[in-house]
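Worksheet for the structure shown next.
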Amino acid sequence: MTSTQLSDARPRAPRIPLRAFSRTEKVIAFCRLLLLFAASTIMLVDPKALWSPLGPYIVITLLAYGAFGIAVFVLVRSERVRQENIARVSVAVDVVAITLLTLLTEGGVSPFFLLHVFVISSVSVRPSQFIDTSTRAA
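If you read the sequence shown in my numbering, its first letter stands for residue 1, the second for the next number, and so on.
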């Protein structure tokens with residue numbers, strides 16, 4: 001082996017200060033609460049989905065997602081958990097909850113379908129070093 005041997009040529013993600021990442025998570029958690037408020041308002045303005053046979057499941061999904069949103073907001077504000085762990089879990093729960101709300105209401109024409117923009121936006125503003133799942137060979 002020579003000293004001029006090439007190392008791993010993959011680009012490395014830039015190091016983001018944890019303070020900036022913490023602030024980002026706090027903003028995303030607050031926006032999630034605003035999103036839940038808007039979703040609840042949609043259900044009050046147009047309650048026909050609540051009176052459908054799937055109405056109780058819609059309410060349960062909204063309440064569970066609301067409890068999750070409040071818990072994440074409190075955890076992120078208190079800074080007692082690692083922010084990168086919260087990021088991974090919150091993205092997964094956001095995708096599942098919003099997809100479930102969309103499917104339980106009117107599908108692709110549901111107003112909840114647009115909530116996927118929140119998931120896309122929240123993933124795009126997070127530093128990639130915490131979201132990226134490494135696929136390096138050992």
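Think of the CB as a built atom: it goes at the ideal place given N, C-alpha and C, for glycine as much as any other residue.
What you are looking at is a predicted structure, and each value in this text was computed from that prediction instead of being measured.
For the alpha helix (DSSP H) that contains residue i, what are its first and last residues?
{"i": "G69", "result": "G55 to S78"}
{"i": "L103", "result": "Q83 to L104"}
{"i": "F118", "result": "H116 to V125"}
Please check the pair residue i and residue j, which I expect to be a contact at CB under 8 Å, by giving their CB distance rounded to whole angstroms.
{"i": "V59", "j": "V91", "result": "That belief does not hold up - the Cβ atoms of V59 and V91 are roughly 24 Å apart, past 8 Å."}
{"i": "V117", "j": "D94", "result": "Wrong, their Cβ atoms sit about 11 Å apart, outside the cutoff."}
{"i": "D126", "j": "G69", "result": "Correcting the residue type first, residue 126 is Arg in the shown sequence and not Asp. R126 to G69, Cβ: 17 Å. No contact."}
Excluding sequence positions up to five away, which residues of its chain have a Cβ less than 7 Å from the Cβ of residue i?
{"i": "T61", "result": "A97, L100, L101 and L104"}
{"i": "S110", "result": "T102"}
{"i": "Y65", "result": "L36 and A97"}
{"i": "F113", "result": "T102"}
{"i": "L75", "result": "V81 and I86"}
Please classify residue i as buried or exposed, where buried requires at least 16 other C-beta atoms within 10 Å of its C-beta.
{"i": "I86", "result": "buried"}
{"i": "F37", "result": "exposed"}
{"i": "A150", "result": "The displayed coordinates of the chain run from 1 to 138. Any statement about residue 150 would go beyond what the structure contains."}
{"i": "L34", "result": "exposed"}
{"i": "V72", "result": "buried"}
{"i": "S121", "result": "exposed"}
Can you list, in chain order, the residues of its chain whose CB lies under 6 Å from that of residue i, leaving out five sequence neighbours each side?
{"i": "L115", "result": "I98"}
{"i": "R136", "result": "For R136, the predicted structure reports a pLDDT of 48, less than 50, and the residue's modelled location is therefore unreliable. A value from the coordinates is still provided. Nothing meets the Cβ criterion."}
{"i": "Y57", "result": "L104"}
Excluding five sequence neighbours on each side, which residues of the same chain lie with their C-beta closer than 8 Å to the C-beta of residue i?
{"i": "A67", "result": "none"}
> Per the contact definition of three or more C-beta pairs closer than 8 Å, is the segment 76-84 in contact with the segment 26-38?
Replying inline: Cβ pair count under 8 Å is three or more, so yes.
> Is there contact here, the segment 93-112 with the segment 49-66, by at least three beta-carbon pairs under 8 Å?
Replying inline: Contact holds: three or more Cβ-Cβ distances are below 8 Å.
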